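Asks:
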Amino acid sequence: NCGFGDLTLLQQEECVGPMCLKSLHEAHAKVGNPRKFLFEIRSIIRELLEQLDEMLGLLNSGDENAIEGGEGIYGKGEETLSGIQLYKGETLLELTERWRFLYRKLYDEESDKFDLSRIPDCHDNARFDKLHNPRLGLTSTLNKLYTRVKLMADCVVPQEYGTSIEEKRDIGNKMCHALLEKIKYDMIIARTDNQVDMRYMINMDYSAEIPVNTLGRRIRTRLYFTSESHLHTLLNVLRFPSLKGEGVYDSSKLCPLSKRGLEIVNSTPELCYLTQILFRLFEDTRKDMNDPKRFRVEIVFCPGADATPLHTPLASSSDSSRFDTAKLQIVSKDNLTCKDLEDYFNESIKEGRMGEQLEEDLSSKRSSVHPFLGSNVGATPSKEL
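Here it is, written out as structure tokens:
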């Protein structure tokens, strides 16, 4: 029954992770007692369902007429639900059942446990309805719900990829080694003057519109579209270097991120839509081709469209800031060479492959020793509270 603030610093680190993860610790401090906070979230979802069921009751009584195909819900009088527009043709019944499903799955009354894996779903649904279904007339309830599930998601989501530094690094290596190999390969090709798949030129038909001084340059840009899970684990790999058997963790020794860069990443509570991690490769042609300092890298980070959806088009139709993304910020060390980053990636790739192979070997041994236990052997239990 105690709150997060009642724990010692050591206990907080054991539960949440290192104190350097500022946004994570701040979110837990605001939540306080997580179980009590989760019951508050469940109570607000129940309140939302009661309001939606009341709307459905009006529809079923004949007071309203639902027009299918996305045309909205229209009534006979000004005091009814006249004019409600649901996004992409979703019906009021479908919206209600969407929330009813989450309400049932979030908490198991029989076992008296919460399923924390449902918190990101509640967060996404609350954000969705705030942005796309503001005409429901449930702004007050959705505001209360969004504020709480957002805070709870800030606690839960980063811990899906490990709690301790070792866990975050280990999970990151396993999940990202293929992505790191591709990025490393593209950097090698970009800095070598050969004919391998990077020989793209600027389209001169648009030269008047492009603010580029050297229009004859070759384009070596590569875009990687990936999942939120890979973004979290990639950031963990970048900020938590390998121990390399030394036994003492020193993030500043090998980490490609600067002290300020670490503060920026560690203070970011959420990776929103359009989150970006950029690797910019620069060449100093005055230096010898064999000089590692000829090619340097900048790592740039943006947590995406992080504006709050608590304001709606109805409240402020001229407000376009909620579609903006956060500004890009350089998070790498000064004068980080391409060789330094490639060596760092190599270490992570090697550890990722070894971890993957170890898991395959353990899985093979389990299946050979306990073939009669079936698919539940080694299954990962759901996160519950």
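The sequence shown begins at 25 in this note's numbering and counts up one residue at a time. In this text, a Cβ means the ideal position worked out from N, Cα and C, and glycines have one as well. Every value quoted in this text rests on a predicted model; they were computed, and no experiment measured them.
1. Return the CA-CA distance between lysine 100 and glutamate 114, expressed in angstroms with no decimal places.
2. Along the chain, where does the alpha helix (DSSP H) that runs through leucine 116 open and close?
3. If I follow the unbroken beta strand (DSSP E) through phenylalanine 319, where does it start and stop?
4. Quick one: is arginine 142 near chain D, going by C-beta distance under 8 Å?
5. Give every residue of the same chain whose Cβ lies closer than 6 Å to the Cβ of glutamine 35, excluding the five residues on either side of it in the sequence, and list them in chain order.
6. Going by DSSP, what residue range makes up the beta strand (DSSP E) through glutamate 307?
7. Could you check which residue in Val321, Asp210, Glu38 has the C-alpha nearest to that of phenylalanine 306?
8. What's the gap between the Cα of glutamate 252 and the Cα of leucine 295?
9. Within 10 Å of its beta-carbon, does methionine 176 have 16 or more other beta-carbons around it, so buried, or fewer, so exposed?
10. What residue from Met378, Asp153, Arg193 has the CA that sits closest to asparagine 260's CA?
11. Please state whether DSSP places glutamate 92 in a helix, a strand or coil.
12. Is it a yes or a no for the segment 206-217 touching the segment 323-333, going by three-plus beta-carbon pairs under 8 Å?
13. On the CB-based measure, 16 or more other CB atoms within 10 Å of its CB, does valine 236 come out buried or exposed?
14. Alpha carbon to alpha carbon, what distance is there between arginine 318 and threonine 309?
15. Using 10 angstroms around the beta-carbon of isoleucine 234, count the other beta-carbons present and answer buried if the total reaches 16, otherwise exposed.
16. Which residues in the same chain have their Cβ closer than 8 Å to the Cβ of leucine 203, if we skip the five residues on either side of it in sequence?
17. Using 10 angstroms around the beta-carbon of alanine 150, count the other beta-carbons present and answer buried if the total reaches 16, otherwise exposed.
18. Give me the Cα-Cα distance between glutamate 190 and leucine 80, rounded to the nearest whole angstrom.
19. Compare the Cα-Cα distances from leucine 298 to each of Glu121, Cys326, Ile288 and report the closest residue.
20. Using the three-state DSSP reduction, which class does threonine 32 fall into: helix, strand or coil?
21. Beta carbon of leucine 130, beta carbon of aspartate 139: below 8 Å?
22. Which value, in whole angstroms, describes the spacing of the CA atoms of serine 356 and serine 231?
23. For leucine 73, I'd like the list of residues in its chain whose CB is within less than 8 Å of its CB, leaving aside the five on either flank, ordered along the chain.
24. Measuring alpha carbon to alpha carbon, tell me which residue in Gly41, Pro42, Asn57 is nearest phenylalanine 28.
25. With a threshold of 16 other CB atoms inside 10 Å of the CB of lysine 311, please say whether the residue is buried or exposed.
26. Look at the Cβ atom of proline 265, then the Cβ atom of leucine 360, and state whether they are nearer than 8 Å.
27. Within a Cβ cutoff of 8 Å, which residues of the same chain sit near asparagine 167, ignoring the five residues on either side of it in sequence?
28. Where does the unbroken alpha helix (DSSP H) through lysine 22 begin, and where does it stop?
Replies: Checking against the coordinates, here is how it stands:
1. Working through the sequence shown from its first residue, we reach residue 100 at position 76. Working through the sequence shown from its first residue, we reach residue 114 at position 90. Annotation note: pLDDT 40 at lysine 100 (below 50); position unreliable, coordinate value reported separately. Linking lysine 100 to glutamate 114 through their CA atoms gives a straight-line distance of about 21 Å.
2. Counting from one through the sequence shown, the residue named residue 116 turns up at place 92. Where leucine 116 is concerned, the enclosing alpha helix (DSSP H) stretches over 116-130.
3. By 1-based counting over the sequence shown, the position of residue 319 is 295. Per DSSP, phenylalanine 319 belongs to the beta strand (DSSP E) from 319-326.
4. Looking for chain D here will not work: only one protein chain is present.
5. For the purposes of this step, residue 35 is taken as residue 11 along the sequence shown, with counting starting at 1. Contacts found: none.
6. Here residue 307 refers to the residue found at position 283 when the sequence shown is read from its first residue. From DSSP, the beta strand (DSSP E) with glutamate 307 extends over 300-307.
7. Numbered from 1 along the sequence shown, position 282 holds the residue referred to as residue 306. With distances taken between Cα atoms, phenylalanine 306 lies closest to Val321.
8. What you label residue 252 is simply residue 228 of the sequence shown in a count that begins at 1. What you label residue 295 is simply residue 271 of the sequence shown in a count that begins at 1. Between glutamate 252 and leucine 295, the C-alpha separation is close to 7 Å.
9. The residue given as residue 176 occupies position 152 in the sequence shown. When all chains shown are included, methionine 176 counts as buried.
10. Here residue 260 is taken as the residue at index 236 of the sequence shown, counted from 1. Ranking the options by Cα distance to asparagine 260, first place goes to Arg193.
11. As a position in the sequence shown, residue 92 is number 68, starting the count at 1. At glutamate 92, the pLDDT of 38 sits below 50, so the modelled position is not reliable and the matter cannot be decided from this model.
12. Because the criterion of three Cβ pairs below 8 Å is not met, the segment 206-217 and the segment 323-333 do not touch.
13. Start at 1 with the first residue of the sequence shown, and residue 236 comes out as number 212. If you draw a 10 Å sphere on the C-beta of valine 236, you find fewer than 16 other C-beta atoms in it, and that means exposed.
14. Translated into the one-based positions of the sequence shown, residue 309 becomes position 285. Translated into the one-based positions of the sequence shown, residue 318 becomes position 294. Distance between the alpha carbons of threonine 309 and arginine 318 is about 7 Å.
15. Looking up residue 234 in the sequence shown gives position 210. Its Cβ having fewer than 16 others within 10 Å, isoleucine 234 is exposed.
16. Translated into the one-based positions of the sequence shown, residue 203 becomes position 179. For leucine 203, where only same-chain residues beyond five positions count, the Cβ hits under 8 Å are Tyr248, Thr250, His254, Leu258.
17. The residue labelled residue 150 in the question sits at position 126 within the sequence shown. By the Cβ-count criterion, alanine 150 is buried, with 16 or more other Cβ atoms from all chains shown falling within 10 Å of its own Cβ.
18. Stepping through the sequence shown from its first residue, residue 190 is reached at position 166. Stepping through the sequence shown from its first residue, residue 80 is reached at position 56. Cα to Cα, glutamate 190 sits roughly 50 Å from leucine 80.
19. Counting from 1 along the sequence shown, the entry for residue 298 is found at position 274. Nearest option by C-alpha distance: Cys326.
20. Within the sequence shown, the letter at position 8 stands for residue 32. Correct three-state label for threonine 32: coil.
21. As a first step, residue 130 must be located in the sequence shown, where it is residue number 106. As a first step, residue 139 must be located in the sequence shown, where it is residue number 115. When the beta-carbon positions are compared, leucine 130 and aspartate 139 come within less than 8 Å of each other.
22. Counted from its first residue, the sequence shown places residue 356 at position 332. Counted from its first residue, the sequence shown places residue 231 at position 207. Their Cα atoms are separated by approximately 32 Å.
23. By one-based count along the sequence shown, residue 73 stands at place 49. Listed in chain order, the non-local C-beta contacts of leucine 73 below 8 Å within the same chain comprise Thr120, Trp123, Arg124, Tyr127, local neighbours out to five positions each way being set aside.
24. Numbered from 1 along the sequence shown, position 4 holds the residue referred to as residue 28. Selected option, being the one with the closest Cα: Asn57.
25. Here residue 311 refers to the residue found at position 287 of the sequence shown. The residue is exposed, with fewer than 16 neighbouring Cβ atoms inside 10 Å.
26. If you number the sequence shown from 1, residue 265 lands on position 241. If you number the sequence shown from 1, residue 360 lands on position 336. Against a cut-off of 8 Å, the Cβ pair of leucine 360 and proline 265 comes out as no contact.
27. Within the sequence shown, numbered from 1, the residue matching residue 167 stands at position 143. Lys154, Leu334.
28. Because residue 22 is not part of the residues shown, which for the chain are 25 to 409, the question remains open.
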